[in-house]
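Numbering (the numbering used here), first residue to last: 16 to 340.
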């Protein structure tokens, strides 16, 4: 049986609860039938067949009621799926991350979580291979996409979104030189527009190419309230290392709330594809659960809000006592 993330289980529990509510609603439709003189314990047994329909003694079509129940279930699940999709497509970085740069997310929880990230895609062959590995392991990751690659390979970008992964902005042309504000605007805004037009996702995540923070791109991203996402562990897969070296580099300095840098595009990524299953297995062995960068941010945001709610209110100021002579 596949091992599911806790977030997936929480969502499934919500689905089951709402389905139960729908079932109760249908049961409410059937209750008056029992109250019309039928024994409530034998409603379904006291029936007679008429063609392909089953009627109780009061002439109520049981098949029709079951169909209504099934339809209610379908509507509930469809609505929940749509709400989850809407939240994912319209994710906005929590306030404490807007216009800020971070390499990891500090969490108070003892739970071990890690975010896998992939840069420079989408890319023929390797993006689909990475997606397949992630799907087999029931993992959601974060893909920082280059705008011109989204334009050139739109089906690949859409597949990343369809599979439920988070998407970030990695500039239009992946250049390292200095940009004035107009140039930075073209690189970042044009890419965000292309990602939205192609996948429907409005991203508020930005990662500067090469991690360069002083060439005008990060400054513009800060001005536009992007969360500038760096990394705490670097696989250095751009140098095409052997699997053992890849694993050593990607596992170096890992901690809960960490962010791992890898690449699914920008060149031959066969080494990354070959090492990825072993990296995932090693993280699992060490007790880590995989989340997206937005999920990491939301986890910290929740902790901040819970801490603020638990903080005792300051004592009310006492009225001053007038001095007496």
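The beta carbon of each residue, even a glycine, is placed where N, CA and C say it ideally should be. Computed from a predicted structure; not experimentally measured.
Under the three-state reduction of DSSP, residue 160 is assigned to strand. Look at residue 124 here: in three-state DSSP terms it is coil, with no helix or strand label. Between the alpha carbons of residue 247 and residue 175 lies a distance of about 23 Å.
Residue 274 places its beta carbon 8 Å or farther from that of residue 142. A direct Cα-to-Cα measurement between residue 238 and residue 89 gives close to 44 Å. Within the same chain, 213 come within 8 Å of residue 169 by CB-CB distance, once the 5 residues on both sides are set aside. The C-alpha of residue 153 is placed about 29 Å away from the C-alpha of residue 87.
Taking a contact to require three or more Cβ pairs closer than 8 Å, the segment 303-313 and the segment 181-197 qualify as touching. In the three-state DSSP reduction, residue 107 falls in the coil class, being neither helix nor strand. The bridge partners DSSP lists for residue 220 are 242. Distance from the Cα of residue 107 is smallest, within the candidate group 250, 220, 230, for 220.
Residue pairing by DSSP puts residue 273 in a beta bridge opposite 129. A direct Cα-to-Cα measurement between residue 290 and residue 321 gives close to 39 Å. Distance between residue 164 and residue 279, taken at the CA atoms: about 12 Å.
The straight-line gap separating the alpha-carbon atoms of residue 146 and residue 249 is approximately 20 Å. Taking residue 270 as reference, the option from 124, 198, 330 with the minimal CA-CA separation is 124. Excluding residues up to 5 positions away in sequence, 119, 120, 121, 122, 128, 311 lie with their Cβ nearer than 7 Å to the Cβ of residue 272 in the same chain.
Taking 8 Å as the upper bound for CB-CB distance, residue 230 and residue 189 are not in contact here, some 12 Å apart.
Judged by DSSP in its simplified three-state form, residue 184 adopts strand.
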